[in-house]
Ligand code: PYL
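In the numbering used here, the protein residues as written are 4 to 283.
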């Protein structure tokens, strides 16, 4: 997982209304609506008090990270605040004053519902959210070819989502060891192939270039940095065919994921290894 820089998220909160407008243009749904669609439930975000705890471990606090997470949640109707203390003190403060809690170190960004211990992790939630967004933008993916570039936690979750929706999935990664035992096509090369639906979940740049896309292709790109060649990214943005944001959609789906009622499985991606779903 690429560590965000403070500059990546500096304007996120002030642009949330604009993000909603661009998401509606691309998918027909707002950030909150995509999160609800991703978890399959019209989750109600009001009357939820949520704490976000700054964590100093590892490379330490990212300026504005916790405040941005809280701002995204408030945009969804959640009563979200950043704890005044960090680390264990903040976890304690949050447990005394909220029903849900978010926290992130350099490797794991997770949410927990303190009332039923339902958890969600950012890699899983991001994969689910960007896959759901592409599903909506494509007006359904059943029997349609979908390319997923990147077989990390985000890409694996997205590929599983598309397979569950009946899409014809191709999972691409340059590392063949990440492609074992998947119930759909996997490949270490997409040379000479074109796709109309693409989810880019790599940490590399310029993975998706013009020669990979059909003329009206739609790209959903959770990858940080954006793995779409710059000029192409602008063309796709201008025609509402690029879905990309560094933190918003993953955070929104995490919130929906820990609040949903009918949840049976919670999938936890710890780093590159996806731990088997666990019944809760
Ligand atoms: C969750 C983001 C999405 C992409 N990369 C992930 C990242 O940057 N993780 C590191 C988050 C560190 C947060 C820091 C703080 O400010 O509490 N520990």
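Ideal Cβ positions, reconstructed from N, Cα and C, are used throughout, including at glycine.
In this model, residue 146 and residue 243 are separated by some 23 Å (Cα to Cα). Per DSSP, residue 216 is one residue of the beta strand (DSSP E) stretching across 216-223.
Residue environment for residue 88: exposed (fewer than 16 other C-beta atoms within 10 angstroms of its C-beta).
In the three-state reduction of the DSSP assignment, residue 107 falls in the strand class. Under the DSSP assignment, residue 151 falls in the beta strand (DSSP E) whose first and last residues are 148-152. Relative to ligand 1, even the nearest heavy atom lies 7 Å or more away from the CB of residue 252. Comparing alpha carbon positions, the residue from 35, 102, 63 and 40 closest to residue 79 is 35. The way I'd put it, the stretch 160-174 does touch the stretch 138-145; three or more beta-carbon pairs between them come closer than 8 Å. For the pair residue 261 and residue 7, the CB atoms are not nearer than the 8 Å cut-off. If you ignore the 5 residues before and after residue 188, its C-beta comes within less than 6 Å of the C-beta of 173, all in its own chain and listed in chain order. Spanning the alpha carbons of residue 130 and residue 83 requires a straight line of approximately 23 Å. Looking at the DSSP output, residue 203 bridges to 152.
As the crow flies, the alpha-carbon of residue 122 is around 14 Å from that of residue 55. Distance from the CA of residue 31 to the CA of residue 139, rounded to the nearest whole angstrom, comes to 7 Å. Under the three-state reduction of DSSP, residue 172 is assigned to strand. Placement of the Cβ of residue 161 at a distance of 7 Å or more from every heavy atom of ligand 1 is found. Shown here, residue 53 sits in a strand according to DSSP, grouped into three states. DSSP places residue 190 within a strand segment (E or B) once states are collapsed to three. Distance from the CA atom of residue 176 to the CA atom of residue 27, rounded to whole angstroms, is 30 Å. Leaving aside the five residues that flank residue 213 on each side, the residues in its chain whose CB is nearer than 6 Å to its CB run, in chain order, 235.
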